[in-house]
Ligand code: SAJ
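Residue numbers (the numbering used here): 5 to 410.
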């Protein structure tokens, strides 16, 4: 039996997938409300294919509890928040999960950390914590880092089809864990050491951040001289060795906008490109604000409450709002005492900001300028409802003429 600790965006799909593959799984989370909801057969977030997977896992006997189990294998998928001021990782939840595991585990248990951690976290924080309690690593307990790679919006498919990395202190344990993951993962699984696994995960997300920053910088350059950035990227990408990503209103989510900071925090003298990319991506909400101001001036609109932001999620077709460009933009407006902009997101069912609408048509009725911050399918399917608005389309999804671009 494996005990999966943390039933959030990563832990839950992973637990369900293992259960579907025939592995006996108990999912543990300290949030009683979440555990009760899952036990009653209710999912806690939306994701393509998750409901079907949930039903299959339930029929294969998956259990949910707030208690850590006495067993041999643990997968830790707990949050790893970062400290806003220092941009460093806060390992408190991983440390606490490791400690709770040590309280109950069998001798020789394998503890697999899936949560993204900054390079060196296991050496700096986890090993000392375990040794402090008198456990011998490599005998009483084995440590493994198996960072996840799945992308929200396509998690179920990617759990099965993405290759994976297993970082372990010795090959035998690495191969054992590889065997476990191959029950759900059909792609290649690479076994390496723990530091390489930690670093490669952060490097992957940093690579994407830098490439998005390049697209965003191009968008700004093109804006100053009235060139069509999308056309330029489309043409450049026809070159066999060029693959530029898409510009947007900023980079959100708990991964790409966070992980590069770990490298900046740890190697401040060496991270010029990485830091610049972060700054460019973080500057995009301000660029959007400038574009809103241009449109308001051009049309002599003085009242900010006539502006509506479409999308609160950090990207299309998910309900996750962590670090979302829209929240970054609202924070910026707040600092400048610009209150009253209206907001709507069909995926976000709870009220998390002021002037948030729950009904799309009510929202549209109140505004003159619509800012598309997220390209949900929902808005793509409702183009005819927004055609008569002044539209600032930061995601280049509007198919009608006359919309303003980034
Ligand atoms: N974005 C752009 N332009 C693009 C692509 C993305 O502006 O061309 C924006 C999105 O709108 C969003 C942000 O970047 O705000 C991040 O979105 P994403 O879809 O690029 O990635 P995430 O954060 O959902 O997931 C990433 C993935 N990492 C990589 O692709 C290298 C995923 O595989 C990881 O598992 C995940 O981070 C994670 O958990 O680390």
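No residue lacks a Cβ here, since even glycine has one placed at the ideal position from N, Cα and C.
Original post:
Does any heavy atom of ligand 1 sit closer than 7 Å to the C-beta of residue 252?
Top reply: Here residue 252 corresponds to residue number 248 of the chain shown, with the count starting at 1. Set against 7 Å, the gap from the CB of residue 252 to the closest heavy atom of ligand 1 is smaller.
Original post:
Tell me which same chain residues have a C-beta within less than 6 Å of the C-beta of residue 146, skipping the five on either side of it?
Top reply: The residue you call residue 146 lines up with position 142 of the chain shown. Within the same chain, residue 146 has close Cβ partners 114, 177.
Subject >> Exposure label - residue 266; buried when at least 16 CB within 10 Å >> reply: Here residue 266 is taken as the residue at index 262 of the chain shown, counted from 1. With 16 or more Cβ atoms within 10 Å of its Cβ, residue 266 is classed as buried.
Subject >> Integer Cβ distance of residue 419 from residue 156, believed to fall under 8 Å >> reply: The shown model of the chain, from 5 to 410, leaves out residue 419, and the question about it has no answer.
Original post:
Are residue 81 and residue 14 touching if we call contact CB-CB under 8 Å?
Top reply: The residue labelled residue 81 in the question sits at position 77 within the chain shown. The residue labelled residue 14 in the question sits at position 10 within the chain shown. The criterion of a C-beta distance shorter than 8 Å is satisfied by residue 81 and residue 14.
Original post:
Any idea which residues DSSP pairs residue 355 with across the strands?
Top reply: For the purposes of this step, residue 355 is taken as residue 351 along the chain shown, with counting starting at 1. Looking at the DSSP output, residue 355 shares a beta bridge with no other residue.
Original post:
Does the beta-carbon of residue 332 have 16 or more other beta-carbons within 10 angstroms, so that it is buried, or is it exposed?
Top reply: The sequence position of residue 332 within the chain shown is 328, counting from 1. Residue 332 should be labelled buried.
Original post:
Quick one: is the Cβ of residue 363 within less than 7 Å of any heavy atom of ligand 1?
Top reply: The sequence position of residue 363 within the chain shown is 359, counting from 1. Checking the Cβ of residue 363 against ligand 1 gives no.
Subject >> Sequence-distant residues of the same chain with beta carbon closer than 6 Å to residue 378, five excluded per side >> reply: Stepping through the chain shown from its first residue, residue 378 is reached at position 374. The answer, listed in chain order, is 315, 317, 320.
Original post:
Count the other CB atoms within 10 Å of the CB of residue 149; is the residue buried (16 or more) or exposed (fewer)?
Top reply: Within the chain shown, numbered from 1, the residue matching residue 149 stands at position 145. Buried, because 16 or more other Cβ atoms sit within 10 Å of the Cβ of residue 149.
**OP:** Using a threshold of 8 Å, state whether the C-beta atoms of residue 2 and residue 32 are closer than that.
**Re:** Given a span of 5 to 410 for the chain in the structure shown, any question on residue 2 remains unanswerable.
Subject >> Beta bridge counterpart(s) of residue 195 as assigned by DSSP >> reply: Looking up residue 195 in the chain shown gives position 191. 170, per the DSSP bridge assignment.
Original post:
Rounded to the nearest angstrom, how far is the Cβ of residue 57 from that of residue 20, given a contact under 8 Å?
Top reply: Here the question's residue 57 lines up with position 53 in the chain shown. Here the question's residue 20 lines up with position 16 in the chain shown. The C-beta distance from residue 57 to residue 20 rounds to 5 Å, short enough to fall under 8 Å.
Original post:
When the Cβ atoms of the region 353-372 are set against those of the region 268-284, are three or more pairs found closer than 8 Å?
Top reply: The region 353-372 vs the region 268-284: no contact.
Original post:
Taking the alpha-carbon positions, what's the residue 64 to residue 27 distance?
Top reply: As a first step, residue 64 must be located in the chain shown, where it is residue number 60. As a first step, residue 27 must be located in the chain shown, where it is residue number 23. Cα to Cα, the separation comes out at about 9 Å.
Original post:
So, are the CB atoms of residue 171 and residue 141 less than 8 Å apart?
Top reply: Here residue 171 refers to the residue found at position 167 of the chain shown. Here residue 141 refers to the residue found at position 137 of the chain shown. Contact: no.
Subject >> Close Cβ partners of residue 17 (< 8 Å) along its chain, the five nearest in sequence each way excluded >> reply: The sequence position of residue 17 within the chain shown is 13, counting from 1. Taken in chain order, the residues that qualify are 51, 54, 57, 154, 159, 160, 163.
**OP:** State the beta-bridge partners of residue 211 as determined by DSSP.
**Re:** Here residue 211 refers to the residue found at position 207 of the chain shown. Residue pairing by DSSP places residue 211 opposite no residue, since no beta bridge is assigned to it.
Subject >> Coil, strand or helix - residue 2 by DSSP >> reply: A query on residue 2 cannot be resolved here, the shown segment of the chain reaching from 5 to 410 and no further.
Subject >> residue 328 versus 306, 78, 352, 76, residue with shortest Cα-Cα distance >> reply: Counted from its first residue, the chain shown places residue 328 at position 324. Of the listed residues, the one whose Cα sits closest to residue 328 is 352.
Original post:
Can you give the Cα-Cα distance for residue 137 and residue 367, rounded to whole angstroms?
Top reply: Translated into the one-based positions of the chain shown, residue 137 becomes position 133. Translated into the one-based positions of the chain shown, residue 367 becomes position 363. When the Cα atoms are used, residue 137 and residue 367 turn out to be separated by approximately 56 Å.
Original post:
Contact check, residue 6 vs residue 105 under 8 Å by CB: the rounded distance?
Top reply: Locating residue 6 in the chain shown gives position 2, where the first residue counts as 1. Locating residue 105 in the chain shown gives position 101, where the first residue counts as 1. The C-beta distance from residue 6 to residue 105 rounds to 12 Å, too long to fall under 8 Å, and the pair is not in contact.
**OP:** Please work out which residues of its chain come closer than 7 Å, Cβ to Cβ, to residue 181, disregarding the five sequence neighbours upstream and downstream, and give them in chain order.
**Re:** Taking the first residue of the chain shown as position 1, residue 181 is located at position 177. Cβ neighbours of residue 181 beyond the five flanking positions: 114, 116, 148, 150, 170, 172.
Original post:
Sorted by chain position, which residues of the same chain lie with C-beta nearer than 7 Å to residue 241's C-beta, five sequence neighbours on each side aside?
Top reply: In the chain shown, counting from the first residue as 1, residue 241 sits at position 237. Cβ neighbours of residue 241 beyond the five flanking positions: 247, 248.
Original post:
Using the beta-carbon count (16 or more within 10 Å), is residue 87 buried or exposed?
Top reply: In the chain shown, residue 87 corresponds to position 83, counting from 1. Looking at its Cβ environment, which holds fewer than 16 other Cβ atoms inside 10 Å, residue 87 is exposed.
**OP:** State yes or no: is the C-beta of residue 285 within less than 8 Å of the C-beta of residue 254?
**Re:** As a working note, residue 285 is residue 281 in the chain shown. As a working note, residue 254 is residue 250 in the chain shown. Yes, Cβ-Cβ distance for residue 285 and residue 254 is below 8 Å.
**OP:** Provide the residue span of the alpha helix (DSSP H) that contains residue 404, from first to last.
**Re:** Sequence index remark: in the chain shown, residue 404 carries index 400 (1-based). First-last for residue 404: undefined, no H or E at that position.
Original post:
Regarding residue 1 and ligand 1, is the C-beta to nearest heavy atom distance less than 7 Å?
Top reply: Residue 1 is absent from the model: the chain starts at 5 and stops at 410.
**OP:** Would you check whether ligand 1 has a heavy atom nearer than 7 Å to the C-beta of residue 350?
**Re:** To locate residue 350, count along the chain shown from 1; it is residue 346. Flag unset: Cβ of residue 350 not near ligand 1.
Original post:
Between the region 294-302 and the region 389-405, are three or more C-beta pairs nearer than 8 Å?
Top reply: Segments in contact, yes.
Original post:
Residues in its own chain within less than 8 Å of residue 226 by CB, not counting five upstream and five downstream?
Top reply: The residue given as residue 226 occupies position 222 in the chain shown. Here the set comprises 232, 233, 236.
Original post:
CB-CB under 6 Å to residue 264, same chain, minus the five flanking residues each way: which ones, in chain order?
Top reply: Translated into the one-based positions of the chain shown, residue 264 becomes position 260. So the qualifying residues of the chain are 210, 213, 278, 282.
Subject >> C-beta contact flag for residue 336 and residue 258 at 8 Å >> reply: The sequence position of residue 336 within the chain shown is 332, counting from 1. The sequence position of residue 258 within the chain shown is 254, counting from 1. Going by C-beta atoms, residue 336 is not nearer than 8 Å to residue 258.
Original post:
Fully enclosed by the region 35-83, which beta strand (DSSP E) runs are 3 residues long or longer?
Top reply: As summarised for the region 35-83, the continuous beta strand (DSSP E) elements at least 3 residues long and confined to that stretch are 67-69, 77-80, given in chain order.
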